[in-house]
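Asks:
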Amino acid sequence: MKKNLLYLLALVCALTFFAACSSDDDNSDNKNNENPPEEEAVITAPDVIGTYWGNLDISMIPDGSDQEIVIGDGIEKFITLSQVSNTEVKIELKDFELFINQQILKFGDIVIDKCEVKKGEGVSTFTGQQDLTFEGDAASLGTCPVTVTGTVEDGNADMTINVKVPALQQTVKVTYSGVKQVAEPSGT
C-alpha cells in the first residue's frame, strides 16, 4: 500500500510539473501572437535626395505608334529630388519649355509630389505618377497624366518622364541623365 501511495504521489508531482510548464509555454505564445515584434522602418529617401545637373532628351510618340520623333536633344537642366518621407521623394524640373513649330512653348515647373524610393544593392529606384495641369502657354493642353521611373547609382541619376497629352494625342517622353551636385562648404 505504501508503494502504491508513493507511486500516486510521484504521478501527481509529475503531472503538476508538466502542467505548470505547459501553461508557461502557452502564455509566452499568447504574448508573441498578441504583440508581434515590430519591423524596423526602411529609410531609403536620403540615398537619392539632391540636385542633379544633366541633359534632357525629348521625343514625342503619337498615340498608337511606337515611333519616337525627337524634338529636343541634350538640353541642360537641373532636376531636384527632395525628401517627402522616409521612403518618398518629390521631383522638380523647373522652367520646362519646348521649341515646337518655330515657337517656344513654356510648360512651367513639372513637379511630381510623391515618388516611392526602393533601395537595392548599390542602386536606388524610384517611381511615381500624378496628373499635371499646366499653366501659361501650355494651359490649352489640359490635365496630363505623368509617370516617372528612375534610378540613382553612385551619384548618377537616370530617369524617364512620360507625359500623356490627350489634347495632342501624343506622349511626350523625356529621358534625363544627370550627376548629383555637391554643395560647397560654407565659411571657406
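Mind the numbering: the sequence shown is residues 2 to 189 in our numbering, read in order. Ideal Cβ placement from N, Cα and C applies to all residues, glycine included.
Going by DSSP, what residues sit across from Leu57 in a beta bridge?
Replies: Ile76, Tyr177
Asks: Our contact map puts Ile80 next to Val173 with C-beta atoms below 8 angstroms; I'd like the distance itself, whole angstroms only.
Replies: 16 angstroms between Cβ atoms; not a contact.
Asks: Closest by CA to Met61, which one among Asp155, Ile162, Thr144, Asp110?
Replies: Ile162
Asks: Along the chain, where does the beta strand (DSSP E) that runs through Gln103 open and close?
Replies: Membership of Gln103 in any beta strand (DSSP E) is not indicated, and neither H nor E is assigned to it by DSSP.
Asks: For Glu136, does the three-state DSSP call read helix, strand or coil?
Replies: Coil, per DSSP.
Asks: From Asn56, Gln103, Glu154, pick the residue whose C-alpha is nearest to that of Thr176; which is it?
Replies: Asn56
Asks: Please determine, among Leu169, Val112, Ile111, Gly179, the residue with the shortest C-alpha to C-alpha distance to Gly156.
Replies: Comparing Cα-Cα distances from Gly156 to each of Leu169, Val112, Ile111, Gly179, the minimum goes to Gly179.
Asks: Specify, as a first and last residue, the run of the beta strand (DSSP E) that Gly151 falls within.
Replies: Unbroken beta strand (DSSP E) run through Gly151: 144–154.
Asks: CA-CA distance, Ser24 and Cys116?
Replies: Low confidence applies here, because Ser24 scores a pLDDT of 46, under 50, leaving its location unreliable; read the following figure in that light. About 49 angstroms.
Asks: Are there 16 or more other CB atoms within 10 angstroms of the CB of Asp30, so buried, or fewer, so exposed?
Replies: Only weak support exists for where Asp30 lies, its pLDDT of 48 falling under 50; the coordinates are left without a value.
Asks: Between which residues of its own chain and Thr150 is the CB-CB distance below 7 angstroms, once the five residues before and five after are set aside?
Replies: Hits under 7 angstroms: Thr128, Met160, Thr161.
Asks: Going by DSSP in three states, Asp159 sits in which element: helix, strand or coil?
Replies: DSSP places Asp159 in strand when its eight states are reduced to three.
Asks: Taking C-alpha atoms, which residue in Pro47, Lys107, Val90, Gln84 lies nearest to Ala140?
Replies: Lys107
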